[in-house]
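Numbering (full-length UniProt numbering), first residue to last: 1 to 72. To keep things clear, I will list the structure first and then write my remarks on it.
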Amino acid sequence: RFIPDICEFKLEPRDVVTEVPTNYGVKDFGPRALQHTKVDFTWDDDDPLRKRTLRRKFTDEQVSTVLVYGKT
């Protein structure tokens, strides 16, 4: 960890490291959520109500209403 030279401490340091040992290994850690292989992206899911609505049969009146609103 880097500590700027302007920092002053009341106690003497217990350990000092100036270089990394050759046999040093980094500990493997991280959030458990990032270690899962199957992640569900729910924001990409279709809206179930919209899906049901678009699958049902529309009457001619409903279709003409949609077409009228679609014209600009």
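Heads up, the beta-carbon is just placed ideally off N, CA and C, and yes, glycines get one too. Model, not experiment: these values are computed from the prediction.
From what residue to what residue does the alpha helix (DSSP H) around residue i run?
i	result
Arg14	Element bounds for Arg14: n/a, residue is neither H nor E.
Gly70	60-70
Pro48	48-55
Between residue i and residue j, what straight-line distance do the alpha-carbon atoms span, to the nearest angstrom?
i	j	result
Lys57	Asp40	31 Å
Pro21	Glu12	23 Å
Asn23	Val17	14 Å
Pro4	Asp47	53 Å
Arg14	Arg32	33 Å
Lys51	Lys71	23 Å
Arg55	Leu49	10 Å
Val60	Gly30	The sequence as given places Asp at residue 60; Val does not occur at that position. Roughly 57 Å between the two C-alpha positions.
Thinking C-alpha only, which one of the options is nearest residue i?
i	options	result
Glu19	Asp60, Leu11, Arg1, Leu49	Arg1
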